[in-house]
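In the working numbering, the protein residues as written are 79 to 385. Reading through the structure tokens given below for one structure.
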């Protein structure tokens, strides 16, 4: 018998059992947190209120967020602060490199807020950070999760010239929901960025990657069409995870997709030709990122993050 449709508030408050987070090694979490404060670093784990924070930090890994904690875009799903960002910290690339060394990472994931206030969108800062991590950690593969740089081909070229092993740019949701969920962004612009990045393989980068969320009101058919569009852009790796409303100020959850439904999405995406697909309730683009790529993506890229 069909039950009463739950309200958005009820959906947010009553998560299904498969979305219950189990807390873990608090001492390791405190250690990572203390190091981030010491080095004046920001992590997307904290800023985006990621449900995997305790697991990842207990395993002594984190995703570094460059260029501050204020974003110039106003995505409806995101809890990162919006407004006018401050000046770049010139010491940040070296601090990220030091943190990678202290954590013993063999696969570092680096992302950023959108910085539409900067002429190159922060591309040079990304390149400086990639170079700093490589100099200090020669065996570490570098994955960058970049913004769209407002469509600037020159900015993308700066990052490609730095040669990250994995270049990731998330499309986040289906095109129909962009106006509501990704104000200021454009699906075709993101697709073109991924297509251009793909042409840099294998000389300058190893693999391209993108990801999206479910639970914002999309349909399965829309997701399958999105996957097909990403394959048209020759994306290698796809991640699909459940949207979880960070605070009451973000878009409400429309529904929870079950583990079986995620499995179906994964099989459909693999059949389209993606090299690797991660799909599940807690999947995020940087979660277990080293497992998403094979050794051909770069030095040690297939190695598990130490834990």
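Beta carbons: idealized from backbone N, C-alpha and C, even for Gly.
From residue i to residue j, what distance separates their C-alpha atoms?
| i | j | result |
| --- | --- | --- |
| residue 382 | residue 362 | Because the pLDDT of residue 382 is 26, which lies under 50, any placement of that residue in the model is unreliable, and the number read from its coordinates should be weighed accordingly. Distance between the alpha carbons of residue 382 and residue 362 is about 16 Å. |
| residue 294 | residue 333 | 7 Å |
| residue 176 | residue 214 | 7 Å |
| residue 345 | residue 224 | 27 Å |
| residue 286 | residue 367 | 12 Å |
| residue 340 | residue 317 | 11 Å |
| residue 359 | residue 331 | 13 Å |
| residue 185 | residue 220 | 6 Å |
| residue 253 | residue 166 | 32 Å |
| residue 370 | residue 356 | 7 Å |
Can you name the start and end residues of the beta strand (DSSP E) that residue i belongs to?
| i | result |
| --- | --- |
| residue 190 | 185-190 |
| residue 219 | 219-223 |
| residue 48 | Beyond the ends of the chain as shown, which are 79 and 385, falls residue 48; an answer cannot be given. |
| residue 204 | Per DSSP, residue 204 belongs to no beta strand (DSSP E); it is in the alpha helix (DSSP H), 201-214. |
| residue 291 | 285-292 |
| residue 144 | 141-144 |
For the alpha helix (DSSP H) that residue i lies in, which residues bound it at each end?
| i | result |
| --- | --- |
| residue 266 | 265-276 |
| residue 302 | 298-310 |
| residue 343 | 337-350 |
| residue 174 | 170-181 |
| residue 97 | Looking at the DSSP string, residue 97 is not in any alpha helix (DSSP H), and its letter there is neither H nor E. |
| residue 245 | Element bounds for residue 245: not the alpha helix (DSSP H) but the beta strand (DSSP E), 244-246. |
| residue 238 | 231-240 |
With a 10 Å radius around its C-beta and 16 neighbouring C-beta atoms as the bar for buried, classify residue i as buried or exposed.
| i | result |
| --- | --- |
| residue 297 | exposed |
| residue 320 | buried |
| residue 269 | buried |
| residue 170 | buried |
| residue 190 | buried |
| residue 159 | exposed |
Report the CB separation of residue i from residue j in whole angstroms; it is logged as a contact under 8 Å.
| i | j | result |
| --- | --- | --- |
| residue 274 | residue 231 | 7 Å |
| residue 183 | residue 218 | 6 Å |
| residue 289 | residue 248 | 5 Å |
| residue 352 | residue 309 | 7 Å |
Any C-beta of chain C sitting closer than 9 Å to the C-beta of residue i?
| i | result |
| --- | --- |
| residue 204 | Any reference to chain C falls outside this structure, which holds one protein chain only. |
The ligand COA and residue i: does the residue's C-beta get closer than 8 Å to at least one heavy atom of that ligand?
| i | result |
| --- | --- |
| residue 189 | The ligand content of the structure shown is nil, which means the ligand COA is not present either. |
Tell me residue i's beta-bridge partners as DSSP assigns them.
| i | result |
| --- | --- |
| residue 354 | 315 |
| residue 160 | 149 |
| residue 328 | DSSP, once it has assigned bridges, lists no residue as partnering residue 328. |
| residue 323 | According to DSSP, residue 323 bridges with nothing at all. |
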